[in-house]
Amino acid sequence: MASSIGQYLKHAKDAAATIFEGMSVTMSHFVRKPYTIQYPDRTAVRVQDTLPLRYRGILEVDLEICTGCLACERACPIDCIVIDAPKDKVTRAMLLSRFDIDIAKCMYCGLCSEVCPTGSIHHTTEFEGADYSLESMIRRFVKDPVLAYKAKKGEETDPLIAPILDRGMEFLAEWAEPVDMKKYKKDQEEAAS
Amino acid sequence: MQSFIDGLIASGVFGGLPAEAIYPAMMFLFASIVVFGFVLPLVTITIWLERRVWSRIQSRVGPNRVGPQGVLQGLADGVKNILKEDVVPDAADRPLFVFAPYLLVWGFLATFVVIPFSSALVIADLNVGILYIVAIVALSAVGVLMAGWASNNKWSLLGGIRSAAQVVSYEIPAGLALLPVVLLTGTLSTQGIIQAQGWAPWDWFLFHSPFTFIAAFAFYISALAETNRTPFDIPEAESELVAGFATEYSGFRFALFFLAEWGSLYVTGAIMAVLFLGGWQIPTGWTNNTVVLNIAQLTVFFLKAYFWVFLAMWIRATLPRIRVDQMMSLCWKYLVPLGFVNLVGTAVWMVIWPEGNTFVPYLMVVGTLALLVIFFRRVLYHLRRAKPELYFNPAI
Chain U
4 MASSIGQYLK HAKDAAATIF EGMSVTMSHF VRKPYTIQYP DRTAVRVQDT LPLRYRGILE
64 VDLEICTGCL ACERACPIDC IVIDAPKDKV TRAMLLSRFD IDIAKCMYCG LCSEVCPTGS
124 IHHTTEFEGA DYSLESMIRR FVKDPVLAYK AKKGEETDPL IAPILDRGME FLAEWAEPVD
184 MKKYKKDQEE AAS
Chain S
68 MQSFIDGLIA SGVFGGLPAE AIYPAMMFLF ASIVVFGFVL PLVTITIWLE RRVWSRIQSR
128 VGPNRVGPQG VLQGLADGVK NILKEDVVPD AADRPLFVFA PYLLVWGFLA TFVVIPFSSA
188 LVIADLNVGI LYIVAIVALS AVGVLMAGWA SNNKWSLLGG IRSAAQVVSY EIPAGLALLP
248 VVLLTGTLST QGIIQAQGWA PWDWFLFHSP FTFIAAFAFY ISALAETNRT PFDIPEAESE
308 LVAGFATEYS GFRFALFFLA EWGSLYVTGA IMAVLFLGGW QIPTGWTNNT VVLNIAQLTV
368 FFLKAYFWVF LAMWIRATLP RIRVDQMMSL CWKYLVPLGF VNLVGTAVWM VIWPEGNTFV
428 PYLMVVGTLA LLVIFFRRVL YHLRRAKPEL YFNPAI
C-alpha cells in the first residue's frame, strides 16, 4: 500500500518535473533567431543569383548563335521544343521562323542543352514559372524570322556575337565538367557577404 | 443604461414606438457593439499572438504581412471565411447543424457579463458570478455534442462525444479548485473576490497558502481541458479525427468555432486573473481621476489575463496530445483527489489562521521566484548547449 502511494506521488512529481523541463526547452527556442527566411522579397540576395551556372531552371535560347540544327528538337524526349527552319527562297540561307518551348511540358532533363553545338539553348537559374494560363507557358523566342547562325572558321570576329558565343561555350564546358564544389561554396559565400 | 434609454425615449428620437419594442432593440444594439467592438478584436489579436508565439518557438517567422507585423491577419482570415460557401451536408440534421456553432459562441460570450475588467467596468456584478461562469461554460459542451451529432459523420460524432465526456469530467476538478477561493472570500461575486485580494503578489490568493497555489494550477489544467486546448485537444485531434466536431463545417460557421475556442481561451485567462492573481487590483492613492484609475486597472487586468493566455500558447507548443484514457485518469485519479485535499486543507487553514497566515504568503512568493530562477537557469543551460543565434526582438 505504501509503495503504491509512493508510485502515485512519483507519477505526479515526474509529470511536473518533465513539463518543467520541456517548457524550459521551448522557452530557449522562443528567443532564438528563426531559421526560415522570408521568400521572396526579404532575402539578402536574390535566390536565383545564388544558384550555380549548371542549375537546371527554365530554358532560354540565344537566337544570335542558334545554328538551326534541330538537335535539341530531336533530343527532347517529350517534344516540348518546336522549331521551324525554312530556307529563304531567294538567298537559300537558313531562316528561323519559329522557336517555341512549352515550359509547362518541359521536365528539365537538360538533354537539349547537352546536344546544342554552340550552347545557344541553355538552362537559366530562373525557376519561378507560375502563370495564369497554359498559353502563356509557351516561350516564343522568334518574333520575326531571323537568319540562323553559321559557324566561321577560326575566332568569331563580330563584336556583338562573340560574347554571346563565349557564354554559350561556358555553358557547354560547365555541362562537360563536374562542378568544383569548393570553388562554388567560396563564390556563394562571397556573394552572400 | 435604462436611464440612458429612458432619456432617449423622452427626447423623442424613436417617435411613437412603444417602449416594449425599444428596450429589446437597444439591448441587441449594445450587445452587438460589445461583440463587434470588443470581443472580435480581442479574439483576432489572441489568434494572431498565438500564431506568432508558436512560430517563434518553432523557429519560424509566422504571419507578418497583413497590417503591421500581421496583426490584421485575423481580419483577412475572417473575411475569407465569410466569403466561403456555407456547406450543409445532405445527410446532416439541418436545424441542429445550423444552430450548434451559435450555442458554442453564446457559451463564451455570456461569460463576459461577469468578468470585471476594472472596478467600474463590469456589465453585471452578479452575486453568483463564479457559479454563473461554471454553468454557462458548460453550454459549449452542448454545442459541441450537437455539432458532432448533427454532422452525421463518424469523426464529428467521435469528437463530439469525446468533448462531452471531457467537459463533463473536468467540470468537477474545476469546480473543486475554485472552492478554496470561495471559502476564503465567502462570496461568489467576481468583484467581491477581487476586492478580497490586494495589489501585491503576497495578497493574491495564488500565494495565500500552498493549497490555493495547487488549486490555481489544478483549475488552470481543468480550464485548458474544458476549452479543448492542447494537451487536451482530443475532441478535434487532427491526426485521428480530421477536425473532430468541426469536420463538416465550413465558411462562417467554421469561423464561429474558432471564435469560441480562442474567446474561451481569453476567458480562462481572465478567470484565473480574477480568482488567483488579484484581478484589477493596483496600488491606490496616486490619482483621484476615475478614468485614469480605470484605465490603469484595465491594463493590469489584461496583462494578468494575457500571462495565462501566453502560458496556454506556450504549453500548446510544448506538450503532445494525451490519450483519452490518460486524460480520464488525470481527471479522476489526480485532479479530483487533489481538489478535495485543497478544499479540506484550506478549511483547516482557515480554522488555524482565520485572518490568514502573515508569513506563508511571503514565503510562497520567494519560493515561486526561486522556482523561476531555477527555470531560467535551465533555459540558459539549453541555450549554452545549442549556441544558437539569439533574437529578442518580437518584431520581425
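The listed protein sequences derive, respectively, from chains U and S.
So for the first sequence, our numbering puts the first residue at 4; every next one is plus one.
So for the second sequence, our numbering puts the first residue at 68; every next one is plus one.
Every residue gets a Cβ at the ideal spot worked out from N, C-alpha and C, and that includes glycine.
Source: prediction; values computed, not measured.
Residue i vs residue j beta-carbon contact at 8 Å
| i | j | result |
| --- | --- | --- |
| S/Y333 | S/V367 | no |
| S/M380 | S/V120 | yes |
| S/F14 | S/L439 | Residue 14 of chain S lies beyond the residue range present for chain S, which begins at 68 and ends at 463; the question has no answer from this structure. |
| U/I167 | U/E76 | no |
| U/W178 | U/S116 | yes |
| U/H126 | U/R35 | no |
| S/I124 | U/T29 | yes |
| S/L225 | S/L308 | yes |
| S/P130 | S/H275 | no |
| S/L250 | S/T425 | no |
| S/S207 | S/M395 | no |
| S/Q136 | S/A453 | no |
| U/L54 | U/T128 | yes |
| U/P80 | U/C112 | yes |
| U/C72 | U/C109 | no |
Residue span of the beta strand (DSSP E) that contains residue i, given as start and end
| i | result |
| --- | --- |
| S/F369 | Segment T357 to T385 is the alpha helix (DSSP H) holding S/F369; no beta strand (DSSP E) there. |
| U/E76 | First-last for U/E76: A74 to A78, but that is the alpha helix (DSSP H), not the beta strand (DSSP E). |
| U/R101 | R101 to D105 |
| U/D87 | I84 to D87 |
| S/R127 | Unbroken run through S/R127: none, as it is neither H nor E. |
| S/R390 | Counting along the chain, S/R390 falls outside any beta strand (DSSP E), and DSSP gives it neither H nor E. |
| U/E63 | L62 to V64 |
| U/I124 | I124 to H126 |
Closer than 8 Å to chain S by CB, residue i
| i | result |
| --- | --- |
| U/K36 | yes |
| U/E131 | no |
| U/Q10 | no |
| U/A195 | no |
| U/Q41 | yes |
| U/A15 | yes |
| U/S27 | yes |
| U/H32 | yes |
| U/I164 | no |
Chain U contact for residue i (CB, 8 Å cutoff)
| i | result |
| --- | --- |
| S/W399 | no |
| S/S126 | yes |
| S/F426 | no |
| S/R229 | no |
| S/H275 | no |
| S/V249 | no |
| S/A384 | yes |
| S/W381 | yes |
| S/L402 | no |
| S/P455 | yes |
| S/V309 | no |
| S/I197 | no |
| S/Y458 | yes |
| S/F442 | yes |
| S/L224 | no |
| S/V133 | no |
| S/L243 | no |
| S/I463 | yes |
For residue i, the first and last residue of its enclosing alpha helix (DSSP H)
| i | result |
| --- | --- |
| S/I228 | K221 to T252 |
| S/H449 | V427 to A453 |
| S/V415 | V403 to I419 |
| S/V341 | G318 to F343 |
| S/R161 | R161 to L176 |
| S/R132 | S/R132 -> no alpha helix (DSSP H), and no H or E assigned at all. |
| S/E456 | No alpha helix (DSSP H) contains S/E456, which DSSP labels as neither H nor E. |
| S/V101 | A86 to V101 |
| U/G132 | Taken as a continuous stretch (DSSP letters only), U/G132 belongs to no alpha helix (DSSP H), as it is neither H nor E. |
| U/M184 | M184 to A195 |
| S/L139 | Counting along the chain, S/L139 falls outside any alpha helix (DSSP H), and DSSP gives it neither H nor E. |
| S/F278 | P277 to E293 |
| S/E305 | E305 to L308 |
Does the segment 263-271 of chain S come within contact of the segment 340-357 of chain S, defined as at least 3 CB pairs closer than 8 Å? yes
Does the pairing of the segment 48-57 of chain U with the segment 90-102 of chain U give three or more beta-carbon distances under 8 Å? no
Please determine if the segment 289-300 of chain S and the segment 358-365 of chain S are in contact, where contact requires at least 3 C-beta pairs separated by less than 8 Å. no
Suppose only complete runs of 4+ residues qualify. What are the alpha helix (DSSP H) ranges in the segment 182-226 of chain S, listed by chain order? 196-204 and 206-217
Is the number of C-beta pairs between the segment 276-283 of chain S and the segment 310-328 of chain S that are closer than 8 Å three or more? no
Do the segment 317-330 of chain S and the segment 159-174 of chain S meet, that is, are 3 or more Cβ pairs less than 8 Å apart? yes
Segment contact flag, the segment 241-253 of chain S with the segment 284-294 of chain S, C-beta cutoff 8 Å, min 3 pairs: yes
For the structure I just gave you, are there three or more beta carbon pairs, one from the segment 177-197 of chain S and one from the segment 218-236 of chain S, closer than 8 Å? no
If we require 4 or more residues per run, which alpha helix (DSSP H) segments fall completely within the segment 143-180 of chain U? 164-179
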